[in-house]
Amino acid sequence: MDVKTIAVIGAGTMGRGIAYAAAFGGYHTVLEDVSRPVVDEGLAWIRRSFEEGVTRGKVDASVRDRALSLISTAGDVGDAIRDAELIIEAVPEELEMKLELFTIFDKFAKTGAIFASNTSSLSIADFTDVTVSRDRCVGMHFFNPVPKMKLIELVRTPHTSDETVATCREVARRMGKEVVVVNEAPGFITTRVNALIGNEAFNMLEAGIATPEDIDKALKLGLNHPMGPFELVDLVGLDVRLKILEYLHQTLGEKYRPNSLLRQYVEEGRLGRKTGRGVYDYSQQKAAENKT
Ligand SMILES: NC(=O)c1ccc[n+]([C@@H]2O[C@H](COP(=O)([O-])OP(=O)(O)OC[C@H]3O[C@@H](n4cnc5c(N)ncnc54)[C@H](O)[C@@H]3O)[C@@H](O)[C@H]2O)c1
-17 MDVKTIAVIG AGTMGRGIAY AAAFGGYHTV LEDVSRPVVD EGLAWIRRSF
33 EEGVTRGKVD ASVRDRALSL ISTAGDVGDA IRDAELIIEA VPEELEMKLE
83 LFTIFDKFAK TGAIFASNTS SLSIADFTDV TVSRDRCVGM HFFNPVPKMK
133 LIELVRTPHT SDETVATCRE VARRMGKEVV VVNEAPGFIT TRVNALIGNE
183 AFNMLEAGIA TPEDIDKALK LGLNHPMGPF ELVDLVGLDV RLKILEYLHQ
233 TLGEKYRPNS LLRQYVEEGR LGRKTGRGVY DYSQQKAAEN KT
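Note that our numbering gives residue 146 to position 164 of the sequence shown, counting from 1, and the numbers run on in steps of one.
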């Protein structure tokens, strides 16, 4: 199917990034969230990200102008998806939420539209089996921050058609991304490996083996990781990571049991950059951002 319009449902950390990539790829892009302030923040973030791209010489001013002119917002899911040939959901990692949305997509989307989930761990079939369009359901797992990260994991269920995979490949190409295709399994490739490393970092921190700064430094300089595990979890969100670990623990076994310090931080509201504090403190940056 020829994709002209992409609807992005959820405008949080990932949804706004996916909307950026969709508009960058030249698609009409509709962004929607249950919270209107989040949509507004998302739009402001997209504008800032394009400006940053232009300043760093990564994005042409003409691409920025065209991309920004292609983005619109919608007041509810029904409005957002009406004209879309590809719908990508980026709502929280809760099976019930995804189930509910995919049921709505199936009822109200355009005939032939593809339904994609940005879930970072859940089994796609667990919520796409409810739709009659199982051949047009797929995982499109983007990475944070989307404008800078090159990869999309395309996750196919036993029912996903080759045509659906081919269409998503082409969309990814126009977004400037690379693709790997994964047969559905909890955590796909990247989440499965990353969750283990991140959990082990918390195990070491809890055991008093080293400071967060030194654990991050060791993985960056000793193992050539571009970011330390704590810098990364602060970006991803500690709550998001905890949910992933809980799911992998349930589906893949004991080695994924979530660390108790991670759980404690989430209970205390230390969710990462988005709340101003995770493993590290970002309250000053957050205050500065809110002023702009
Ligand atoms: N955070 C990451 O680094 C990351 C990376 C890859 C994938 N993911 C996955 O992406 C998804 C979203 O994660 P996030 O970090 O962007 O979460 P987030 O909490 O930042 O954003 C989710 C947004 O969805 C909105 N929402 C909730 N229910 C909705 C509904 N019914 N309709 C429309 N909007 C709704 C919320 O208001 C919120 O703004 C999750 O499945 C997560 O596992 C996250």
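Idealized CB from N, CA, C, for every residue including glycine. For clarity, every value in this text was computed on a predicted model and none was experimentally measured.
By the CB criterion at 8 Å, E71 and L104 fall outside the cutoff. Taken in chain order, the complete alpha helix (DSSP H) segments of 4 residues or longer contained in the region 59 to 104 are 59 to 63 and 77 to 90. Look at M131: its beta carbon is at least 7 Å from all of the heavy atoms in ligand 1. Here DSSP, grouped into helix, strand and coil, assigns S54 to strand.
Put simply, the backbone Cα of I86 is about 31 Å away from that of V248. Between S31 and P168, the C-beta spacing is not below 8 Å. Taking 8 Å as the cut-off, the beta carbon of N100 is found no closer than this to the beta carbon of V218. Secondary structure at M131: coil, using DSSP grouped into helix, strand and coil. Only exposed fits V175, as fewer than 16 other CB atoms lie within 10 angstroms of its CB. For T11, the uninterrupted beta strand (DSSP E) segment begins and ends at H10 to E14. Below 8 Å, too few C-beta pairs join the region 23 to 40 and the region 107 to 125 to call them touching: fewer than three. DSSP, read as helix, strand or coil, puts G(-8) in coil. Just so you know, the alpha carbons of G254 and H231 end up roughly 22 Å apart. Every alpha helix (DSSP H) of 4 residues or more that sits fully in the region 150 to 227 is shown, in chain order, as 172 to 188, 194 to 199 and 211 to 218. Annotated three-state conformation of G7 is coil, per DSSP. Distances from the CB of I(-9) to the heavy atoms of ligand 1 include at least one below 7 Å.
Listed in chain order, the non-local C-beta contacts of G210 below 6 Å within the same chain comprise D198, L201 and K202, local neighbours out to five positions each way being set aside. When C-alpha distances from T146 are compared across L205, G251, G94 and R259, the shortest belongs to G94. Remark: the C-beta of H207 is outside contact range of ligand 1, defined as less than 7 Å to any heavy atom. The Cβ atoms of E67 and V(-15) sit closer than 8 Å to each other. Leaving aside the five residues that flank R46 on each side, the residues in its chain whose CB is nearer than 6 Å to its CB run, in chain order, F32 and V36. Not one heavy atom of ligand 1 is found less than 7 Å from the C-beta of D61.
In terms of Cβ geometry, A107 and E195 do not form a close pair [threshold 8 Å].
Per DSSP, reduced to three states, the secondary structure at H123 is strand. Closest option to Y262, judged by alpha-carbon separation, among R252, E271, A269 and A270: R252.
Your pair A(-11) and A98 does not check out as a contact, with CB atoms roughly 10 Å apart and the cut at 8 Å. Under the DSSP assignment, E250 falls outside any alpha helix (DSSP H); it carries neither an H nor an E label.
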